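>
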Amino acid sequence: MEKELGKTLRRLRQGKQVSISSLADEHLSKSQISRFERGESEISCSRLLNL
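Numbering (this note's numbering), first residue to last: 385 to 435.
#1: Pull up the distance between the alpha-carbon of Leu393 and that of His411, whole angstroms please.
#2: Are Gly380 and Lys400 close, meaning C-beta to C-beta below 8 Å?
#3: With the cut-off set at 8 Å, would you say Arg397 and Leu389 are in Cβ contact?
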């Protein structure tokens, strides 16, 4: 399921022309977001909702 969430996040982000850099903040790095979108890692629900 996490892989599908990551794919969905990437599709939505790209559809809105939002960069990974603009999503990253003090709680979630660019590399964490990228790995999540590729299905290589997980992020907590609370962090996902903050995006």
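Beta carbons are placed, not taken as given, at the ideal position from N, Cα and C, and that holds for glycine.
All values reported here derive from a predicted model rather than from experimental measurement.
According to the structure data:
#1: Reading the sequence shown from its first residue, position 9 is the one you call residue 393. Reading the sequence shown from its first residue, position 27 is the one you call residue 411. Answer to the nearest angstrom: the Cα atoms are 17 Å apart.
#2: For residue 380 there is no data in the structure shown, the boundaries of the chain being 385 and 435.
#3: Residue 397 sits at position 13 when you count from the first residue of the sequence shown. Residue 389 sits at position 5 when you count from the first residue of the sequence shown. Contact flag unset, no.
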